[in-house]
Amino acid sequence: MAESKKRMGERLLDLEDAAASAKSPQQVAAVVLKRDRSRIRRLAAMSILLWLIAVTGIGVIAYGYFEIYMPRVTGILTQPVAPEDRNLEYEEYLRGTEEGLLFLQRTGWIVALGSLAAVAVAAIATVALITAARRVTLRQVEASLAEISEQLQSLRQSTATPPNSEK
Amino acid sequence: MTEETDRLYERVLVLRSQTGDEAAFEELMGRYHRRLGYYLRRMLPQTVNAEDILQDVWFDVFRGIAKLSDCGAFAAWLYQIARNRAYRELRKRPSPGSMIDISQIESVQDPGEFSPEDAEQVHWALDQLSPEHREVLVLRFIEDMTYEAIAAVTRFQIGTVKSRIHYAKHELRRIMRTTEDDG
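Here the protein sequences line up with chains A and B, keeping their order.
The first sequence: position 81 = 213 (the working numbering), numbered continuously.
The second sequence: position 7 = 768 (the working numbering), numbered continuously.
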């Protein structure tokens, strides 16, 4: 019955082959592998580009804020104020702004550097995660190979055992 | 090669492919390419280029093979991917084939197996079946899958698979008989 089903399957495939002008498996394999390689190249280029954009973005913002914006604001704040412009509210506002700027001056670079470090650690963690996933796959492969070895062993034993000779 | 050693050899091919061995993957493709092509061509309407879908399926397989945990279940997994792809295509282009409510069909005689000599007629008659019936029969005829394997591919209960195959065979016989009578 199984043999007849197999023959039926083969005949159906032969009928299809006569009608179809299909590509050979080797041709399709070549296309698939090429597609995968270009996908990996695209992914690698995209990741590098995105990391570069993120790092450059943090750098540009930090530089612009601390090196361009803050000196200007500090300059404005340290300018002497004409006595007629002085009032309590304005002075309180100036004092608050000055304190805020001093706080940012002390901690801002630490935050910027911390963010850069976090981005770098995130990149390393991503690589580590991929490596760990690869290790899991390898362990899976090892377990399957061990199972196959056992099956081969029992197959070898069953073929090596001579048939029971009747006395 | 006996069936047992062949199965083991295929598992080794899957494992080698999982480690990135391209030659093993190519060999694995060689084993299934024809049958998978037949399955897809039966599943998809003539307007869809089944060769392109076949290539996409192999691409998905190559990308995902490392995640396959049971290398002995490669065939079922492969056909699941192909099935999902085919259904995605079918959703884009609704097929004129109607769904048959098998619960409405009363008990019928088991139509039995088809002989290899029937192949030409079966090949033609398969296209006249509803997609649901055609699918289970192609998996049964071409891939020689067990009910359990077909259930794994289609994600139906084994009972559903059995009844679908039963009614699909019955329907196939009916179509073949009608054609004979007309001829």
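For every residue, glycine included, the Cβ atom is placed at its ideal position computed from N, Cα and C.
Predicted model, so just to flag it, every value in this text is computed and none were measured.
Asked: Residue environment, residue 790 of chain B, which counts as buried when at least 16 other CB atoms sit within 10 Å; Found: buried
Asked: Residues in the region 819 to 837 of chain B having any Cβ partner in chain A nearer than 7 Å; Found: 819, 820, 823, 824, 827, 830, 832
Asked: Near-chain B residues of the region 269 to 290 of chain A (beta-carbon distance less than 8 Å), N- to C-terminal order; Found: 269, 270, 272, 273, 276, 277, 280, 283, 284, 287
Asked: Residue 923 of chain B versus residue 906 of chain B: straight-line alpha-carbon distance, rounded; Found: 12 Å
Asked: Residue span of the alpha helix (DSSP H) that contains residue 804 of chain B, given as start and end; Found: 783 to 804
Asked: Residues from the region 228 to 239 of chain A in contact with chain B, defined by Cβ distance under 7 Å; Found: none
Asked: Any chain A beta carbon closer than 7 Å to residue 764 of chain B; Found: no
Asked: Best match in B/830, B/879, B/836 for proximity to residue 818 of chain B [C-alpha to C-alpha]; Found: B/836
Asked: Backbone CA spacing between residue 160 of chain A and residue 827 of chain B [nearest angstrom]; Found: 20 Å
Asked: For residue 178 of chain A, the first and last residue of its enclosing alpha helix (DSSP H); Found: 157 to 195
Asked: Per-residue DSSP class, three states only, for residue 229 of chain A; Found: helix
Asked: Contact under 7 Å by Cβ, residue 283 of chain A with residue 774 of chain B; Found: no
Asked: CB-CB length for residue 929 of chain B against residue 894 of chain B, believed under 8 Å; Found: 4 Å
Asked: Cutoff 7 Å: residue 816 of chain B Cβ touching any chain A Cβ; Found: yes
Asked: C-beta neighbour in chain B for residue 161 of chain A, strict 7 Å; Found: yes
Asked: Beta-carbon proximity check, residue 821 of chain B vs residue 842 of chain B, cutoff 7 Å; Found: yes
Asked: 8 Å contact criterion, which residue 147 of chain A and residue 880 of chain B should meet: CB distance rounded; Found: 6 Å
Asked: Residue 220 of chain A burial status per 10 Å Cβ neighbour count (16 or more: buried); Found: exposed
Asked: Residue 193 of chain A versus residue 802 of chain B: straight-line alpha-carbon distance, rounded; Found: 56 Å
Asked: Neighbour list for residue 790 of chain B in chain A, Cβ cutoff strictly below 7 Å; Found: 157, 160, 161
Asked: Counted within 10 angstroms of its Cβ, other Cβ atoms place residue 850 of chain B as buried (16 or more) or exposed; Found: buried
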